[in-house]
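Only one structure is covered here, and it is reproduced in the block below.
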Amino acid sequence: MSFELPELPYAYSALEPYIDAKTMEIHLTKHHATYITNLNNAIAGTELENLPIEEILVKGFDKTPVRNNGGGYFNHNLFWEWLSPKSKGKPEGELSAAIDSAFGSFDAFKEEFSKAATGRFGSGWAWLVVKDGKLAIGSTANQDNPLMPGVGISGYPILGLDVWEHAYYLNYQNRRADYIASFFSIVNWDKVAELYAAHK
Ligand code: MN
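Take a look at the structure:
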């Protein structure tokens, strides 16, 4: 068994003007595809082959190609699903209540998440995770993921933002803060709620 490139649940152009079609196409067919090829090569013939990706991230953590490309594969799988051209703009129901309880308000959550995304030096991700029913915000470097041990934030990632330059440079150049602000117009809160319910 080997991992395969997923199909986007929307067209490359569907997230415009927030993320442009060319960025989406290159991000999926070049960056994500390369992580998958390299992950498959890294685990072929090893004890990690045929394990679920969540287990590979933990058991293969000390192997740099597995850590980098396994994270790259899994993070992007989720990222495509965290985006939607039909965003509701804010969380609802149980998730909304949990965010208010953890951060004070949705606006306060957005501010803290944006700070984590802006403050990540170099390449990485900002995260909203749930662990033992509690929400937390943080960031990781490179393609690390909060399921990996000892990366500074721990829990199941229910929302993540790719802040590698490849995610925004064509349209936003050095303006990462503008990209982060745009992200909140295209978050698939139904997916975030689904992951919260499954992993809280
Ligand atoms: Mn990326």
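Heads up, the sequence shown is in the working numbering, so the first residue is 5 and it goes up one at a time. Yeah, the Cβ is synthetic: ideal placement off N, Cα and C, and Gly gets one too.
Next on the checklist: Please classify Asp136 as buried or exposed, where buried requires at least 16 neighbouring CB atoms within 10 angstroms.
Outcome noted: Asp136 comes out exposed.
Checklist entry - Based on the DSSP output, what are the partners of Asp166 in its beta bridges? => result According to DSSP, which records beta bridges pairwise, Asp166 is partnered with Trp129.
Item to check | In DSSP terms, what Lys135 is bridged to | outcome: According to DSSP, Lys135 bridges with Lys138.
Next on the checklist: With a threshold of 7 Å (Cβ to nearest heavy atom), would Asp166 be considered close to the ligand MN?
Outcome noted: Yes, since a heavy atom of the ligand MN falls inside the 7 Å radius drawn around the Cβ of Asp166.
Item to check | Span separating the alpha-carbon of Lys119 from that of Gly142 | outcome: Distance between the alpha carbons of Lys119 and Gly142: 9 Å.
Checklist entry - CB of His203 to nearest heavy atom of the ligand MN: below 7 Å? => result No, the Cβ of His203 stays beyond 7 Å of every heavy atom of the ligand MN.
Next on the checklist: Residues in the same chain with beta-carbon distance under 6 Å from Trp168, minus the five sequence neighbours each way, listed in chain order, please.
Outcome noted: Here Trp168 has Ser127 as same chain residues with Cβ atoms under 6 Å from its own Cβ, once five neighbours each way along the sequence are excluded.
Checklist entry - Beta carbon of Leu174, beta carbon of Asp24: below 8 Å? => result By the CB criterion at 8 Å, Leu174 and Asp24 fall inside the cutoff.
Item to check | Reduced DSSP secondary structure (H/G/I, E/B, other) of Val62 | outcome: Three-state result, Val62: helix.
Checklist entry - What residues in its chain sit with their C-beta under 8 Å from that of Glu116, if we drop five residues either side in the sequence? => result Spatial neighbours of Glu116 in its own chain (CB-CB distance under 8 Å, excluding positions within 5 residues in sequence) are listed in chain order as Phe107, Ile141.
Checklist entry - How close, in whole Å, do the beta carbons of Tyr16 and Glu29 come, if the pair is a contact with beta carbons under 8 Å? => result Cβ-Cβ separation between Tyr16 and Glu29: approximately 5 Å, consistent with a contact (criterion under 8 Å).
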